[in-house]
Amino acid sequence: MSARILVVDDIEANRRLLQAKLEAQYFNVLHAENGRQALDLARAQMPDIILLDVMMPGMDGYEVCQRLKADPRTSFIPVVMVTALSDTEDRIRGLEVGAEDFLTKPVDDFALMSRVGALMRYNAVASELRQRQASGLKAGAVEAISEEELNRSARAFIIDDNPRTSARIATMMREAGHSATTLLEAGDMSNLSEMGVDILILSAASKAFDALKLCAHFRMTEATRAISMLLVCDQADTSKAGRGLQIGANDVIFSPVDRLELLARVRTQTRRSRYIDMLRKRVDRGLELSVIDQLTGLYNRRYMVDQLQQLMQRSVMGGKPVSVVMCDIDHFKSVNDTYGHDAGDEVLQEVATRLRENVRPSDIVCRPGGEEFMVIMPNTAGDLACAAGERIRRAVASRPFSVSGGRREITLTISAGVATINGPDDTMADLMKRSDTALYQAKSGGRNRVESIAA
């Protein structure tokens, strides 16, 4: 997997060195020599990852990162701070302004590629979800991502067989307002998904288990795949840290663990995992909105047309009939005129409920619009569809409708027209026209009845 990486450094030799390392791994590299140029390039080129030097004249890397994260156009681009400074305070400051990670000069090749690889995996998922949301989903159709939800307290599970270090990390988390459970307290790891864990903190120094094997297991298991993983490694064991990132750990922190750095990294990782989760929910919700009628919860016209086309094609190939029942509420306009549109909405919702209760699981109940409803019945001949239409008609007429918050009851009926596919040359337009004609005949014949046109 390749990526476009923006390298920002005021010293050309440093830029060229990073370029050579990255291009050797087939990455596409962009350059910026100062903060202003970096902001302009980020907005214009939308790189996948930004490697950002901290110590630059004028606008330093911290300010650049802060501006990138404050701009909705670039806020989602992962930023790795690169600096000669190695103090914990510098790492914390970088994480606090929104950086995803921190590399110290001279940049180790293995650490660089491991960090970039981990960020690419995250970015691939996030980019795919953003693209799916942007292509075909109506803007504003789903709720905005909540900063409050992104920043709520984390739920951590600490996997460490050392009671002292395990308890120390748990205490750091709890004192900061997070929830923390240690493996020694829980006894096993069987309930991680049920516990709602946001982040796993795994000690690579544990003797009772192999932390890297656990990383691989958690990343491959459906129930734990989305949970962030923070690997705690000894400072001398950078190869294990890099291997952990390659296997599936989201981040690495070196022991002895600094409290502020731990909390900053936990915050970064939990925000990222929640961001992905929210994007997934937005996409799922958007897809639902694209096929569901929001008033009744039935399928809308778009979905109705798509499913009917597919079922008619299968019917032609397999010889099994498809029928439709087109229903219309009798005198619905008078409901709106007499009781108001809120009462009309209540009627539509109750009709939808009675329809769902009186069809088979395989039938597709839709609301094309207004007071019209359609039931698509796969593998159903005309006589069975007429019987189903009659069952629906009786269900609607059998008892009054409660409206105006239960203060009134009104009696309503429906009329229905039934049509069945008529051979391989039949089109959806023909089928729909016959059902409309049958419905018109039911209305003309006195309403509260079912009519059928076979061909």
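Those letters in the sequence shown? Residues 1 to 455, per the UniProt record's numbering, in order. All C-beta atoms, glycine included, are put in the ideal place defined by N, C-alpha and C. It should be emphasised that the depicted structure is a prediction, and the values quoted were computed from it without experimental measurement.
| Item | Value |
| --- | --- |
| By the DSSP assignment, the beta strand (DSSP E) with Asn28 in it spans what residues? | 28-32 |
| Note down, in chain order, each residue of its chain lying with its Cβ closer than 7 Å to the Cβ of Ala32, except the 5 sequence neighbours on either side. | Leu6, Val8, Ala38, Leu41 |
| Can you list, in chain order, the residues of its chain whose CB lies under 7 Å from that of Tyr303, leaving out five sequence neighbours each side? | Val291, Cys366 |
| When we look at the beta-carbon of Gly140 and count the other beta-carbons within 10 Å, is it buried (16 or more) or exposed? | Low confidence applies here, because Gly140 scores a pLDDT of 41, under 50, leaving its location unreliable and the question unanswered by this model. |
| Here's a check: name, in chain order, each residue in its chain whose Cβ is nearer than 8 Å to the Cβ of Ala264, leaving out the five neighbours to either side. | Arg91, Ile92, Leu95, Glu96 |
| Please name the residue in Gly58, Ala111, Thr380, Arg449 whose C-alpha comes closest to that of Gly244. | Ala111 |
| Using the C-alpha atoms, what's the distance from Asp161 back to Asp210? | 11 Å |
| Could you tell me whether the region 59-72 touches the region 232-240, where touching means 3 or more Cβ pairs closer than 8 Å? | no |
| With a threshold of 16 other CB atoms inside 10 Å of the CB of Glu409, please say whether the residue is buried or exposed. | exposed |
| Given a threshold of 16 other Cβ atoms within 10 Å of its Cβ, counted over all protein chains shown, does Ala124 qualify as buried or as exposed? | exposed |
| Counting along the chain, where does the beta strand (DSSP E) carrying Leu103 start and finish? | 101-104 |
| By the DSSP assignment, the beta strand (DSSP E) with Ser334 in it spans what residues? | Per DSSP, Ser334 belongs to no beta strand (DSSP E); it is in the alpha helix (DSSP H), 332-339. |
| Alpha carbon to alpha carbon, how far is Val450 from Ala387? | 9 Å |
| Out of Tyr26, Ile11, Leu119, Cys65, which has the shortest C-alpha to C-alpha gap to Ile49? | Leu119 |
| So is Asn250 buried or exposed if we call it buried at 16+ other beta carbons inside 10 Å? | buried |
| State the Cα-Cα distance for the pair Gly248 and Gly177, rounded to the nearest angstrom. | 27 Å |
| For the region 414-428 against the region 318-325, are there 3 or more C-beta pairs whose distance is under 8 Å? | yes |
| I want to check one thing, is the minimum distance from the CB of Ala180 to the heavy atoms of the ligand COA below 7 Å? | Absence of the ligand COA is noted for the structure shown, with no ligands found whatsoever. |
| Nearest-angstrom Cα distance between Ala205 and Asp101? | 22 Å |
| Cβ of Asn448 within 8 Å of Cβ of Arg391? | no |
| When you compare each of Glu194, Gly98, Leu439, Leu17 to Met326 by their alpha carbons, which one comes out closest? | Leu439 |
| Applying the criterion that 16 or more other CB atoms from any shown protein chain within 10 Å of the CB defines a buried residue, is Leu18 buried or exposed? | buried |
| Kindly indicate the opening and closing residues of the beta strand (DSSP E) around Pro368. | 364-369 |
| Looking only at its own chain, which residues have a Cβ that is under 6 Å from the Cβ of Ala395, when we skip the five neighbours before and after it? | Arg354, Asn358 |
| Count the other CB atoms within 10 Å of the CB of Asn14; is the residue buried (16 or more) or exposed (fewer)? | buried |
| Determine the direct distance from the alpha carbon of Leu52 to that of Arg271, and round the result to whole angstroms. | 21 Å |
| Please classify Thr296 as buried or exposed, where buried requires at least 16 neighbouring CB atoms within 10 angstroms. | buried |
| What three-state label does DSSP hand Val316 in the structure shown? | helix |
| What's the call for residue 456, buried or exposed, on a 16-neighbour Cβ count within 10 Å? | Nothing about residue 456 can be reported from this structure: the residues present for the chain run from 1 to 455 only. |
| Which residues in the same chain as Met173 place their Cβ atom closer than 6 Å to its Cβ, once the five residues preceding and following it in sequence are excluded? | Ala156, Ala180 |
| Roughly how many angstroms lie between the CA atoms of Gly405 and Val252, to the nearest whole one? | 57 Å |
| Is Gly417 closer than 8 Å to Ser444 when the C-beta atoms are compared? | no |
| List the whole-angstrom C-beta distance separating Gly58 from Asn34, where the pair is believed to meet the contact cut-off of C-beta under 8 Å. | 6 Å |
| Where does the unbroken alpha helix (DSSP H) through Ser166 begin, and where does it stop? | 163-175 |
| Terminal residues of the continuous alpha helix (DSSP H) containing Met220? | 211-220 |
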